[in-house]
Structures are given as C-alpha cells and as structure tokens.
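Chemist: Handing you this structure, nothing more for now.
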Amino acid sequence: MSTTLGSIEISYAQMAIGMVPLGIVILLSAVYKLGLIKSLVIAVVRACIQLGIMGYLLVWVFAQDNPWVISLLLIIMVAFASQASERALKGISSKKIKFKIIKILFVSIALGALSVLCYLQFVVVRPEPLWEGKYIIPLGGMLIAQSMVAGSLAVERLRSEFEARADEIETLLALGATSAEASRESVKVAMTAALMPIINSMMVLGIVALPGMMSGQILAGVSPLLAVRYQLLIFFCIAASAALVSWLSIRMVRSLFFTRDDQFIRLESLQN
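Residue numbering for the sequence shown follows the working numbering, starting at 463 and increasing by one per position.
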C-alpha cells in the first residue's frame, strides 16, 4: 500500500469497499419503509461527482497559481453559499424578497468571510507566494461554509423574532422609538442564535471529537501539534467571520422591514 506525503493512498477498490457500510442505511430504510434509498443513491452519486470535479478543478487551480483564478473560485463559492442558505428563505413565498435575501447573504459573506480570510492568509499564515491556492482555497471554504450557516441562522431568527414581536415593535415605534431601538431585542436574539453554535463547538474542541481540519492534517502526516495550531486559528477566524456576516446580514435584512420613516412592515405585507 503506497503512501503520499505521509498518508496512506486509497485506491478506487478501497473506495468501493468503503461504501459497504452504506448498506446499513439501505437495510434500515427497507425494514422501516423510510423511503430513503433513492435519496441516498442520488446523494452518493452527487457527492462523488461534485467532489471529483472539485478535486480535478483544484489540481488545475493549484497548478495555475493565479490570483485572478483563485479570486474567481472564491466568488463562485460565495455565490453557491448564498444560494444554498435555505433556512433564511424558509416560509418566504415572494421571489422578490427571496432574491433580496440571497443578495444580502452574498454581500455579507463576501465582505465578512473574505475579509477575515485575507487577514488569515496575508497576515497570519503568510505563505510564499501569498496567493498560494493550497492554503487560501481550503481556508476560504471553511470560513465561507460556516459563515453561510451563521448568516442564514441570523436572518431566519430575525424574521421569526419580527413576526413574534410585531405588536411590541409597533408599540415602541408609536412611543417614539427609532427602528434601531424598537428592533434591538430582536437583533440581540438573532445574533446570539447565530453565534452560539460556534461558541459551543469551541467549548468541546478536542474533547468530544477531533475537528475536520485537524483530523485531515493528521491523516496527511502533519504533526498533531502543528495541526492543533492550524485548527485553533481557523476556529478563531470562523468565529470572527460568523460574527461579521451575521451582523451585516441582520443590518441589511432589518432595513427590509422598516421604511425610511421608521414604520414597521410586517412580513405578510412585505411579500405582497
């Protein structure tokens, strides 16, 4: 069995053998009539195709070592992340509002995640050359993915808070509060909901499970102590990126629910 850079190389035959445990899912689905077999097959095929394409694409990108190519790939990743934020769009029927929220998430993730990525890449890690793809693409992928989750959580929670507190917000506005003052509690709850999963994950780092990046580096033959430093760096930056993206998303989505004269617009009215 050959090794590459200290890691064991897995053949296609081993990949096929590694798929055998999926039979457990198929068996349980068949026994309990869950109807998941078709979805599982589609998911497996899609995962293989998507990751296969990404693998070949990354080989090409790394060979090019071109900052414009890398920047384009990062923007495409941000675009897909903003489109995939289904939680933020749940319960919205208006295509116009959906598009606005997707656009808000795109801008928020681009500004928040990519700015933190630039800091991590150019100030902290500082590879040679600075735009080296094998660092910026994986780091960017992790920041963008976690920022997508935080941003969509923030938007979804803000919407639900606005629906639940609509009467309270209108009362505060009638008493002379500004839109920022009337929505402060809703914003606070939304920000907390977006950031708590990341904070909780940091609480159990190294106790419940080894994080993905650290596990991958150890499997690739990197020293566990170096892997720990990388993992801590990425978690610190994920927290910062998630906070920025959540804050930007909340500010922009909040503006959809208020007129320039600080009048509150309920969700049902917003969708008409």
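Idealized CB from N, CA, C, for every residue including glycine.
Taking Cβ to Cβ, would you say residue 582 is nearer than 9 Å to residue 695?
Modeler: The residue given as residue 582 occupies position 120 in the sequence shown. The residue given as residue 695 occupies position 233 in the sequence shown. Yes, Cβ-Cβ distance for residue 582 and residue 695 is below 9 Å.
Chemist: Give the straight-line distance between the Cα atoms of residue 487 and residue 476, rounded to the nearest whole angstrom.
Modeler: As a working note, residue 487 is residue 25 in the sequence shown. As a working note, residue 476 is residue 14 in the sequence shown. Straight-line Cα distance between these residues: approximately 20 Å.
Chemist: Taking only runs that begin and end inside the stretch 686 to 720, name each unbroken alpha helix (DSSP H) of 4 or more residues, in chain order.
Modeler: Fully enclosed alpha helix (DSSP H) runs of 4 or longer: 686 to 718.
Chemist: Check whether the Cβ atoms of residue 513 and residue 502 sit closer than 9 Å, and answer yes or no.
Modeler: Position 51 of the sequence shown, counted from the start, is the residue given in the question as residue 513. Position 40 of the sequence shown, counted from the start, is the residue given in the question as residue 502. No, the pair does not count as a contact, with Cβ atoms beyond the cut-off.
Chemist: Where does residue 470 sit, in a helix, a strand or coil, going by DSSP?
Modeler: Position 8 of the sequence shown, counted from the start, is the residue given in the question as residue 470. Strand at residue 470.
Chemist: Under 8 Å Cβ to Cβ from residue 506, same chain only, skipping five residues before and after it: list those, please.
Modeler: Walking along the sequence shown from the start, residue 506 turns up at place 44. Here the set comprises 481 and 484.
Chemist: Quick check on the burial criterion: 16 or more other C-beta atoms within 10 angstroms. Buried or exposed for residue 545?
Modeler: Taking the sequence shown and counting its residues from 1, one reaches residue 545 at position 83. Label assigned to residue 545: exposed.
Chemist: If contact is defined by three or more beta carbon pairs under 8 Å, each pair taking one atom from either stretch, is the stretch 619 to 629 in contact with the stretch 650 to 662?
Modeler: With the cut-off at 8 Å, the stretch 650 to 662 and the stretch 619 to 629 touch.
Chemist: Check the DSSP bridge columns for residue 726 and list the partner residues they point to.
Modeler: Residue numbering aside, residue 726 sits at position 264 when the sequence shown is read from its first letter. Answer by DSSP bridge pairing, in chain order: 720.
Chemist: Just to confirm my understanding: we take residue 464, look at its own chain, exclude 5 residues before and 5 after, and list those with CB closer than 7 Å. What are they?
Modeler: Position 2 of the sequence shown holds residue 464. In this prediction, residue 464 scores a pLDDT of 49, lower than 50, which makes its location untrustworthy; no coordinate-derived value is stated.
Chemist: Applying the 10 Å Cβ sphere with the 16-neighbour rule, what's the burial state of residue 526?
Modeler: For the purposes of this step, residue 526 is identified with residue 64 of the sequence shown, where counting begins at 1. Exposed is the call here.
Chemist: So residue 564 and residue 732 are in contact, right, with Cβ under 8 Å, and what is the actual spacing, rounded?
Modeler: By one-based count along the sequence shown, residue 564 stands at place 102. By one-based count along the sequence shown, residue 732 stands at place 270. 15 Å between Cβ atoms; not a contact.
Chemist: Curious, which full-length alpha helix (DSSP H) runs of at least 4 residues does the stretch 480 to 520 contain?
Modeler: Qualifying alpha helix (DSSP H) stretches, in chain order: 484 to 493.
Chemist: Just reading off the alpha helix (DSSP H) that residue 627 is part of, what are its end residues?
Modeler: Locating residue 627 in the sequence shown gives position 165, counting from the first residue. Residue 627 -> no alpha helix (DSSP H), and no H or E assigned at all.
Chemist: Which stretch, first to last residue, makes up the alpha helix (DSSP H) that contains residue 577?
Modeler: Position 115 of the sequence shown, counted from the start, is the residue given in the question as residue 577. Residues 557 to 581.
Chemist: At the level of alpha carbons, what is the spacing between residue 590 and residue 498?
Modeler: To locate residue 590, count along the sequence shown from 1; it is residue 128. To locate residue 498, count along the sequence shown from 1; it is residue 36. Roughly 47 Å between the two C-alpha positions.
Chemist: Is the CB-CB distance between residue 541 and residue 568 below 9 Å?
Modeler: By 1-based counting over the sequence shown, the position of residue 541 is 79. By 1-based counting over the sequence shown, the position of residue 568 is 106. In contact: residue 541 and residue 568 (Cβ atoms closer than 9 Å).
Chemist: I'd like the list of long-range same chain contacts for residue 711, defined as Cβ closer than 7 Å, with 5 residues on each side in sequence excluded.
Modeler: The residue labelled residue 711 in the question sits at position 249 within the sequence shown. So the qualifying residues of the chain are 566, 567, 570, 613, 616 and 617.
Chemist: Would you call the stretch 627 to 644 in contact with the stretch 710 to 728, where contact means no fewer than 3 C-beta pairs closer than 8 Å?
Modeler: With a cut-off of 8 Å, the stretch 710 to 728 and the stretch 627 to 644 count as touching, because enough Cβ pairs lie within range.
Chemist: Output yes or no for whether 9 Å exceeds the beta carbon distance between residue 698 and residue 673.
Modeler: Counted from its first residue, the sequence shown places residue 698 at position 236. Counted from its first residue, the sequence shown places residue 673 at position 211. The answer is no: Cβ separation not under 9 Å.
Chemist: Report the option in 494, 645 and 669 whose CA atom is closest to the CA atom of residue 718.
Modeler: Taking the sequence shown and counting its residues from 1, one reaches residue 718 at position 256. Comparing Cα-Cα distances from residue 718 to each of 494, 645 and 669, the minimum goes to 645.
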